[in-house]
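Below is one structure; the comments refer to it alone.
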Amino acid sequence: MKRVTGIGGIFYKSENPKKLMEWYDRHLGFNMHESDEVAVIFKDTCKCETDRQEYTVWSPFAKDTDYFEPSEKDFMINFRVADLEKLIDLLKEEEVEVLGDIKNYKQGKFAWILDIERNKIELWEPSKEE
């Protein structure tokens, strides 16, 4: 079974997320998403393996966010996956710490795990409409 298919996003804490995003946009050309909370930094134009365009986002979070908990780290990586439900079942069998239940949003299905150093990892199966 294929597990990770790509990097969906890179997230980390920032003293001033808006100002930092403006700096990255101005100096490195990160294109702001319509939400002004994330920037799309890479788009996969080959549409390999799917009928939708894949992308990677970058987003600073407020320094006091609790979104990365229970990890105490200042970052979180989001990995795209092909079949989130099957992967979560497999990870549970392998005794990986899974945090909560799978959540469904407009962008797709999300789940969270901790690696052996207690880094929170977000797993994302994009919606078919993306």
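In my numbering, the protein residues as written are 7 to 136.
For glycine and all other residues, C-beta sits at the position ideal for the given N, C-alpha and C.
- Message: Which same chain residues end up closer than 6 Å to glutamate 75 when comparing Cβ atoms and leaving out the 5 residues on each side of it in sequence?
- Response: none
- Task: List the DSSP bridge partners of glycine 15.
- Result: Val63 and Asn84
- Message: I believe aspartate 89 touches glutamate 131 by the beta-carbon criterion, under 8 Å. Please report the beta-carbon distance rounded to the nearest angstrom.
- Response: 7 Å
- Please report the Cβ distance between phenylalanine 67 and tyrosine 18, rounded to the nearest whole angstrom; I am assuming they are in contact, meaning their Cβ atoms lie under 8 Å. 7 Å
- Answer yes or no: do serine 77 and asparagine 125 have a C-beta to C-beta separation smaller than 8 Å? yes
- Alpha-carbon spacing of leucine 26 relative to phenylalanine 81, whole angstroms: 15 Å
- Is the beta carbon of serine 133 sitting closer than 8 Å to the one on lysine 112? yes
- Proximity test, aspartate 95 beta-carbon vs the ligand NAP heavy atom, cut-off 7 Å: No copy of the ligand NAP occurs in the structure displayed, which carries no ligand at all.
- From this set, Val10, Lys69 and Val102, which residue's C-alpha is nearest glutamate 21's C-alpha? Lys69
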